[in-house]
Amino acid sequence: MPSPRRAVFLDHQSLDLGDLDLAPLHAQFDELLLHAATTAQQVAERLQGATAVISNKVLLDAATLAANPQLKLILVAATGTNNVDLAAARAQGITVCNCQGYGTPSVAQHTLALLLALATRLCDYNQAVKAGQWAKASQFCLLDFPIVELQGKTLGLLGHGELGGAVARLAEAFGMRVLSGQIPGRPPRADRLPLDELLPQVDALTLHCPLNEQTRHMLGARELALLKPGALVVNTARGGLIDEQALADALRAGRLGGAASDVLSVEPPANGNPLLAADIPRLIITPHSAWGAVESRQRIVGQLAENAQAYFAGQPRRVVG
Numbered sequence: 004m005p006s007p008r009r010a011v012f013l014d015h016q017s018l019d020l021g022d023l024d025l026a027p028l029h030a031q032f033d034e035l036l037l038h039a040a041t042t043a044q045q046v047a048e049r050l051q052g053a054t055a056v057i058s059n060k061v062l063l064d065a066a067t068l069a070a071n072p073q074l075k076l077i078l079v080a081a082t083g084t085n086n087v088d089l090a091a092a093r094a095q096g097i098t099v100c101n102c103q104g105y106g107t108p109s110v111a112q113h114t115l116a117l118l119l120a121l122a123t124r125l126c127d128y129n130q131a132v133k134a135g136q137w138a139k140a141s142q143f144c145l146l147d148f149p150i151v152e153l154q155g156k157t158l159g160l161l162g163h164g165e166l167g168g169a170v171a172r173l174a175e176a177f178g179m180r181v182l183s184g185q186i187p188g189r190p191p192r193a194d195r196l197p198l199d200e201l202l203p204q205v206d207a208l209t210l211h212c213p214l215n216e217q218t219r220h221m222l223g224a225r226e227l228a229l230l231k232p233g234a235l236v237v238n239t240a241r242g243g244l245i246d247e248q249a250l251a252d253a254l255r256a257g258r259l260g261g262a263a264s265d266v267l268s269v270e271p272p273a274n275g276n277p278l279l280a281a282d283i284p285r286l287i288i289t290p291h292s293a294w295g296a297v298e299s300r301q302r303i304v305g306q307l308a309e310n311a312q313a314y315f316a317g318q319p320r321r322v323v324g
């Protein structure tokens, strides 16, 4: 019989870079095996004898679960559970728990950092200094790139949950007016503006909603054209929310004041992406790192430990599916 508390973490290096305290997690199991990463070919072998599995992104499909009838608990080291066949887990009596709300401060500050970088043309000025343009200047400063203040501007939010609310509070601290948009596929609300009404009003737009069939390419060429000339767009949600080719075209055409994204439609972008072309102006791309503050990742460890402890106490929490 396998140990009732034997667990395997299939891809712990996607969470822990050696800077986290994993003791709370180890304390929940008789044995916890850590694997930096796991390929699809290695999953079956590494799950043998485990009653619990922890995965961030490693796929746990129906065949894998069926081959491991001893599994009782899946702990997802993230909010998204698209790497787990939830129906198969439910049919097999496996409890699936995720982590929630752990990255709100980290992602919210990253969103504002991107918005500020666009408004101040931070990357352009940094590059100009490195290229020696300041040293060649005829006066004490460079003002080659137009700077705008956030104070008095209008921010549009697409997604006003915990994360969107945190971004709204930070934006209001900069003196911005905040409006919320209606997410496609959701019931209408009096305090949410339809996209066609929201977009022409905002000076900046930030995205904080999930990707599904209703929200895929929520911002396409038509929607981007509705934005004010010079508007700023920041996406720290999911890459597929925006038609990436349409965004690249809008930036090349000078329609937007700038855009920044922490996410792409395929990650990592091993086969390229329209937004990675070298000739796109006023664009900042960060590598899905908004969530990655050490405090945020430590919260995941804490929630994984809480989920395991609650399950073994017969009161599972953060159950999905």
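Going by this note's numbering, the first residue of the sequence shown is number 4, and it counts up by one from there. Note that CB positions come from ideal geometry on N, CA and C, so glycine has one too. Small disclaimer: the values here were computed from a predicted structure and weren't measured.
- Per the C-alpha coordinates, the member of K75, A55 and L63 positioned closest to N86 is L63.
- In the three-state reduction of the DSSP assignment, L254 falls in the helix class.
- If the five residues before and after Q301 are omitted, its C-beta is found closer than 8 Å to the C-beta atoms of L23 and D24, all from its own chain and listed in chain order.
- In the displayed model, F148 falls within coil according to three-state DSSP, outside both helix and strand.
- Taking every protein chain shown into account, the CB of L74 has 16 or more other CB atoms within 10 angstroms, so this residue is buried.
- One thing to note: P277 has its Cβ within 8 Å of the Cβ of Q248.
- Under the three-state reduction of DSSP, G159 is assigned to strand.
- Taking every protein chain shown into account, the CB of N238 has 16 or more other CB atoms within 10 angstroms, so this residue is buried.
- In the DSSP secondary-structure assignment, F12 is bridged to L37 and I57.
- In the structure shown, A80 falls within a coil segment according to DSSP collapsed to helix, strand and coil.
- The criterion of a C-beta distance shorter than 8 Å is satisfied by Q16 and A39.
- As a beta-bridge residue in DSSP terms, C100 pairs with L78 and V322.
- V110 and T209 have their C-alpha atoms roughly 12 Å apart.
- S17 carries a helical assignment under DSSP once its states are collapsed to helix, strand and coil.
- Per DSSP, reduced to three states, the secondary structure at L118 is helical.
- The three-state reading of DSSP puts G260 in coil, since its state is none of H, G, I, E or B.
- A Cβ-Cβ distance of about 10 Å is found for the pair G178 and L158, leaving them out of contact under the 8 Å criterion.
- Here R258 is actually not in contact with L279; their C-beta atoms are around 20 Å apart, not less than 8 Å.
- In the three-state reduction of the DSSP assignment, I303 falls in the helix class.
- The DSSP-derived three-state label of G242 is helix.
- Beyond the five residues adjoining it in sequence on each side, A43 comes within less than 7 Å, by CB distance, of L62 in the same chain, given in chain order.
- By the 16-neighbour rule on beta-carbons within 10 angstroms, N310 is buried.
- The alpha-carbon of T84 is positioned some 31 Å away from that of L235.
- With a contact defined as Cβ atoms closer than 8 Å, R320 and C102 miss out at about 11 Å.
- The residue from V46, A69, G261 and P187 with its alpha-carbon nearest to that of L89 is A69.
- Secondary-structure assignment with DSSP links G223 through no beta bridge to anything.
- DSSP places V269 in the coil class of the three-state scheme, outside both helix and strand.
- In this structure the segment 168-183 does not lie against the segment 215-222, because fewer than three pairs of beta carbons, one per stretch, are closer than 8 Å.
- By DSSP's assignment, T209 forms a beta bridge with L160 and V237.
- Residues M179, D206 and A207 of the same chain have their beta carbon placed closer than 7 Å to that of K156, with the five preceding and five following residues left out of the count.
- Burial state of A253 is buried, judged by a 10 Å Cβ sphere holding 16 or more other Cβ atoms.
- Burial is judged here by how many other beta carbons sit within 10 angstroms of a residue's own beta carbon; C144 has fewer than 16 and is exposed.
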